[in-house]
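Novice: Residue numbers (my numbering): 225 to 530. For glycine and all other residues, C-beta sits at the position ideal for the given N, C-alpha and C. Here the structure is a predicted model, which is why all the values come from computation and not from measurement.
Now the structure itself:
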């Protein structure tokens with residue numbers, strides 16, 4: 225099979241009468257060398273990939289094997305014109321939390337952080353507004369401890385989710401880093417109360433810049449294996465605070481930067497082009513490990529409501 229253009233066929237619009245008739249539409253598979261060149265230039269794990277790619281050269285060159293050699297769940301190729309996606313690897317991010325929240329509020333305040341995807345500006349603004357209103361309504365002298373629940377948040381648009389947590393941070397503060405395949409490092413956090421990546425503002429609306437009036441003694445961030453991708457960035461950012469404790473189970477391990485590239489035929493190649501890191505430069509390829517177990521936390525919160 226050609227390494228350049230492999231013809232794929234799909235039958236559609238079949239008309240059955242005395243004579244069967246089908247129109248045959250041909251689609252060209254994306255160019256192998258074009259895809260390989262983008263991988264060579266931009267993929268984050270160049271050393272691991274190079275060893276596997278060298279091995280592949282001994283066999284038949286095909287895109288499916290090339291993409292699988294990346295072994296990176298956030299990298300894939302979506303072929304234009306076909307309902308076909310070549311995945312590099314798959315990873316199950318399941319809810320394995322052992323914590324069931326059943327407590328009297330007392331000294332505790334609680335915030336659930338849900339995922340938000342590609343939405344309108346107004347929907348993003350409303351998402352942030354709703355979260356900050358929940359924080360504001362619980363910000364009082366009785367709220368000595370906060371629980372921020374990231375469980376079942378598989379990611380999405382990182383920036384409105386980060387902005388929704390702004391009351392817990394200083395107006396200008398670095399929360400983490402992106403280590404890119406180019407060798408450069410950008411930093412994410414807040415500048416004048418607005419979510420930024422280095423000098424670039426990442427929010428295209430004017431959010432409420434509310435800040436906590438009553439600083440809690442401790443903030444407990446609930447995580448488990450269902451926490452993935454940009455939700456892991458939230459866990460990384462929150463862990464930069466001195467009074468934060470990550471609680472529960474290890475996260476899924478998809479704390480990466482992912483970039484889409486449009487190919488000449490209109491197909492989309494999504495590559496992992498960077499890794500998320502904390503303010504100390506530590507990356508989390510295998511997930512973020514909590515510092516407090518579920519059992520320890522369950523024992524701890526029994527005293528909070530009293």
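If you scan the stretch 396 to 427 from start to end, which runs of the beta strand (DSSP E) of 3 or more residues do you find wholly inside it?
Specialist: The qualifying runs are 397 to 404, 409 to 415 and 418 to 421.
Novice: From the DSSP output, which residues share a beta bridge with residue 486?
Specialist: Per DSSP, 492.
Novice: Nearest CA to the CA of residue 317: which residue from 518, 525 and 511?
Specialist: Taking only the C-alpha atoms, the option nearest residue 317 is 511.
Novice: Taking buried to mean at least 16 other C-beta atoms within 10 Å of its own C-beta, is residue 457 buried or exposed?
Specialist: Classification for residue 457: buried.
Novice: How about residue 450 and residue 321: are their beta carbons less than 9 Å apart?
Specialist: Result yes, Cβ atoms of residue 450 and residue 321 sit closer than 9 Å.
Novice: Assuming contact is defined by CB atoms lying nearer than 9 Å, are residue 428 and residue 299 in contact in what I supplied?
Specialist: No, the pair does not count as a contact, with Cβ atoms beyond the cut-off.
Novice: Given that a residue counts as buried once 16 or more other Cβ atoms are within 10 Å of its Cβ, and exposed if not, what is residue 420?
Specialist: Classification of residue 420: buried, given that the 10 Å Cβ count is 16 or more.
Novice: Short check: CB of residue 405 to CB of residue 415, under 9 Å?
Specialist: Going by C-beta atoms, residue 405 is not nearer than 9 Å to residue 415.
Novice: Tell me whether residue 610 sits in a helix, a strand or coil according to DSSP, three-state version.
Specialist: Because the chain here runs from 225 to 530, residue 610 falls outside it and cannot be looked at.
Novice: Under a three-way DSSP split, which group does residue 443 fall into?
Specialist: In the structure shown, residue 443 sits in a strand (DSSP, three-state: E or B).
Novice: Can you list, in chain order, the residues of its chain with a C-beta nearer than 6 Å to that of residue 433? Leave out the 5 residues immediately preceding and following it.
Specialist: Closer than 6 Å at the Cβ level, and outside the excluded window around residue 433, lie 417.
Novice: Please report the Cβ distance between residue 368 and residue 336, rounded to the nearest whole angstrom; I am assuming they are in contact, meaning their Cβ atoms lie under 8 Å.
Specialist: Between residue 336 and residue 368 the Cβ distance is about 19 Å, and since that is not below 8 Å, they are no contact.
Novice: With a threshold of 8 Å on Cβ separation, who are the neighbours of residue 518 within its own chain once the five nearest residues in sequence on each side are excluded?
Specialist: Within the same chain, residue 518 has close Cβ partners 321, 322, 323, 471, 472 and 473.
Novice: Measuring straight from C-alpha to C-alpha, what distance separates residue 507 and residue 380?
Specialist: Computed Cα separation, rounded: 20 Å.
Novice: Tell me, to the nearest whole angstrom, how far the beta carbon of residue 431 is from that of residue 397; I am working on the premise that it is less than 8 Å.
Specialist: Actually they do not touch by this definition, with Cβ atoms about 16 Å apart.
Novice: Give me the Cα-Cα distance between residue 339 and residue 266, rounded to the nearest whole angstrom.
Specialist: Whole-angstrom Cα-Cα distance: 28 Å.
Novice: So which of 443, 333 and 378 has the shortest CA-CA distance to residue 393?
Specialist: Per the Cα distances, 443.
Novice: Classify residue 272 as helix, strand or coil using the three-state DSSP reduction.
Specialist: It is helical.
Novice: Could you check what DSSP says for residue 497 in three-state terms: helix, strand or coil?
Specialist: DSSP places residue 497 in strand when its eight states are reduced to three.
Novice: Name the two residues that bound the continuous alpha helix (DSSP H) containing residue 256.
Specialist: Looking at the DSSP string, the run of the alpha helix (DSSP H) that includes residue 256 is 256 to 266.
Novice: By a C-beta neighbour count over all protein chains shown, 10 Å radius and 16 as the cutoff for buried, is residue 375 buried or exposed?
Specialist: Flag for residue 375 reads buried.
Novice: Throw me the rounded Cβ distance for the residue 263 and residue 478 pair, which I believe falls under 8 Å.
Specialist: Between residue 478 and residue 263 the Cβ distance is about 19 Å, and since that is not below 8 Å, they are no contact.
Novice: Closest to residue 309 by CA distance: which of 350, 292 and 413 is it?
Specialist: Nearest option by C-alpha distance: 292.
Novice: Are the Cβ atoms of residue 363 and residue 334 separated by less than 9 Å?
Specialist: Cβ distance not < 9 Å, so residue 363 and residue 334 don't count as in contact.
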